[in-house]
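Below is one structure, written out as structure tokens, with a few remarks after it.
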Amino acid sequence: MNNRIGKTVFVAGGTNGINLAIAEGFAQAGARVAVLSRSADKVEAAVAHLRSLGADALGHAADVRDAGAVEAALAATSQAWGPLDVLVSGAAGNFLAPGAELSANGFKTVVDIDLLGTFNVMRMAWPYLRKPGAAVLNITAAQSWLPMPLQVHVCAAKAGIDQVTRTLAMEWGEAGVRVNAIAPGPIEGTEGMRRLAATPAAHKAWVNCVPLKRFGTAADIQRAALWLCSDAASYITGVVLPVDGGVALGGGAPIAAAMQA
-13 MNNRIGKTVF VAGGTNGINL AIAEGFAQAG ARVAVLSRSA DKVEAAVAHL RSLGADALGH
47 AADVRDAGAV EAALAATSQA WGPLDVLVSG AAGNFLAPGA ELSANGFKTV VDIDLLGTFN
107 VMRMAWPYLR KPGAAVLNIT AAQSWLPMPL QVHVCAAKAG IDQVTRTLAM EWGEAGVRVN
167 AIAPGPIEGT EGMRRLAATP AAHKAWVNCV PLKRFGTAAD IQRAALWLCS DAASYITGVV
227 LPVDGGVALG GGAPIAAAMQ A
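For the sequence shown, this note's numbering assigns the number -13 to the initial residue and increments by one for each residue that follows.
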């Protein structure tokens, strides 16, 4: 993304971790950035942080599972700034659970946040996207194609996100709207990896599952996101891009073992 070009960006889940890093990247590039999250306190803190970077910023406290609340946030952003140039959907939930012990409610909770939430953000954003020219970016994970013990709920949700991405890339392409996704690998300092690599032994085992032998950083995802939403990627749509140090090249069983180390 070129500097200081004044694009309008909306980041669902944009108050911490990878999603906040993406919001920061767009803010530093001169975009107007709106963030959405369930926690009003986190929204307030994220908006203050983005404004400290010199960006125009808005915040909305809403749950991605509530389509009406999501639509209201998108409408308010568009009313303030006009059509959306970039839409990022990254709200997610995760925990470890064997399938035989996972409750229906636990399964549903992750699917509702990740998959239904992604659909709600995209569907409610459709009237407010710039046509032609908008870029939509979903955040998925390697679990979408790597079967991984203890993650049946996440595998199902992320696989759904990938197919929503590909399907709406086909449907929305005629309007000049691109739809892509990024599948991050293990990223240092995120809430997800604090849960999945909760001990030093688990952290070391995770690193050994990565061909590049290191965790990624939020900046790695930020750079990929800005590129994929930029004019430099204007002929790319329907892609799920792994940014994972090569994790996607291996099987899920060693990773599951790492999470239990």
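By construction, the Cβ of each residue, glycine as well, lies at the ideal position given by its N, Cα and C atoms.
Close-in-space but distant-in-sequence residues of the same chain around residue i (CB under 8 Å, 5 per side omitted)
| i | result |
| --- | --- |
| Ala234 | Ala128, Trp131, Leu132, Ala169, Gly171, Pro228 |
| Val294 | No information on residue 294 is available, as it lies outside the stretch -13 to 247 that the chain covers here. |
| Leu198 | Gly231, Gly232 |
| Ile173 | Gly3, Ile4, Met179, Phe201, Gly202, Thr203, Ala204, Asp206, Ile207 |
| Leu70 | Thr(-6), Val(-5), Phe(-4), Leu60, Thr63, Ser64, Ala111, Tyr114, Leu115, Arg116, Ala120 |
| Glu177 | Asn2, Gly3 |
| Leu36 | Ala9, Glu10, Ala13, Val19, Val21, Ala43 |
| Met156 | Gly224 |
CA-to-CA distance, residue j to residue i, given in whole angstroms
| i | j | result |
| --- | --- | --- |
| Asn(-12) | Gly119 | Note that Asn(-12) scores a pLDDT of 45, beneath 50, so its modelled location is shaky; the value from the coordinates is reported in the next line. C-alpha separation (whole angstroms): 15 Å. |
| Phe81 | Val33 | 28 Å |
| His189 | Glu30 | 32 Å |
| Val21 | Lys117 | 21 Å |
| Ser64 | Ala121 | 15 Å |
| Phe(-4) | Ala86 | 38 Å |
| Met108 | Ala219 | 20 Å |
| Gly(-1) | Tyr114 | 18 Å |
| Ala9 | Asn166 | 17 Å |
| Val150 | Gln137 | 20 Å |
| Ala211 | Leu6 | 12 Å |
| Lys11 | Ser216 | A small correction: the amino acid at residue 11 is Gly; Lys does not occupy that position in the sequence shown. Going by the C-alpha atoms only, they are around 12 Å apart. |
| Ala83 | Ile147 | 21 Å |
| Val72 | Ala184 | 34 Å |
| Ala142 | Gly224 | 19 Å |
| Trp158 | Val50 | 21 Å |
| Arg181 | Ala191 | 14 Å |
| Ala48 | Val193 | 35 Å |
| Leu44 | Ser89 | 37 Å |
| Ala66 | Leu123 | 22 Å |
Unbroken beta strand (DSSP E) run spanning residue i, endpoints
| i | result |
| --- | --- |
| Ala124 | The sequence shown places Asn at residue 124, not Ala. From DSSP, the beta strand (DSSP E) with Asn124 extends over 121 to 125. |
| Val295 | Because residue 295 is not part of the residues shown, which for the chain are -13 to 247, the question remains open. |
| Asn166 | 164 to 170 |
| Val226 | 226 to 229 |
Residue from the options whose Cα sits closest to the Cα of residue i
| i | options | result |
| --- | --- | --- |
| Asp42 | Lys199, Arg18, Ala62 | Arg18 |
| Val97 | Ala86, Ala77, Pro84 | Ala77 |
| Arg164 | Val226, Arg209, Ala90, Ala205 | Val226 |
| Ala179 | Gly202, Gly85, Arg152, Gly159 | Per the sequence shown, residue 179 should be read as Met rather than Ala. Per the Cα distances, Gly202. |
| Phe93 | Ile125, Lys144, Thr126 | Lys144 |
| Gly(-8) | Gly68, Leu6, Ala55, Arg24 | Gly68 |
| Asn106 | Thr(-6), Ala155, Ala53, Ala62 | Ala53 |
| Asn2 | Thr(-6), Gln14, Ser25 | Ser25 |
| Glu160 | Gln149, Tyr221, Ala191, Cys215 | Tyr221 |
| Met110 | Pro84, Ser75, Ala142, Ile125 | Ser75 |
| Ala55 | Trp192, Ala211, Gly103 | Gly103 |
| Gly40 | Ala142, Thr176, Glu57, Gln14 | Gln14 |
| Ile125 | His35, Leu214, Gly16 | Leu214 |
| Ser38 | Gly16, Glu177, Ala90 | Gly16 |
Own chain residues within Cβ distance below 6 Å of residue i, not counting five before or after
| i | result |
| --- | --- |
| Ile207 | Ile4, Pro170, Val229 |
| His46 | Leu22, Ala59 |
| Asp27 | none |
| Gly236 | none |
Range of the contiguous alpha helix (DSSP H) that encloses residue i
| i | result |
| --- | --- |
| Thr104 | 103 to 111 |
| Pro248 | The first residue shown for the chain is -13 and the last is 247, placing residue 248 beyond what the model contains. |
| Arg178 | The sequence as given places Gly at residue 178; Arg does not occur at that position. Start and end: 177 to 182. |
| Val72 | No alpha helix (DSSP H) contains Val72, which is instead part of the beta strand (DSSP E) from 72 to 75. |
| Thr153 | 138 to 158 |
| Phe81 | From DSSP, Phe81 is part of no alpha helix (DSSP H); its letter is neither H nor E. |
| Leu212 | 204 to 214 |
| Thr95 | 90 to 97 |
Same chain only: Cβ atoms within 7 Å of residue i, ignoring 5 sequence neighbours per side
| i | result |
| --- | --- |
| Thr153 | none |
| Asn91 | none |
| Gly162 | Lys117, Pro118, Gly119 |
| Glu57 | Met110 |
Review point. Could you give the uninterrupted runs of the beta strand (DSSP E) lying entirely in the stretch 8 to 79, keeping only those of 3 residues or more?
Key: Segments of the beta strand (DSSP E) lying fully in the stretch 8 to 79: 18 to 23, 43 to 47, 72 to 75.
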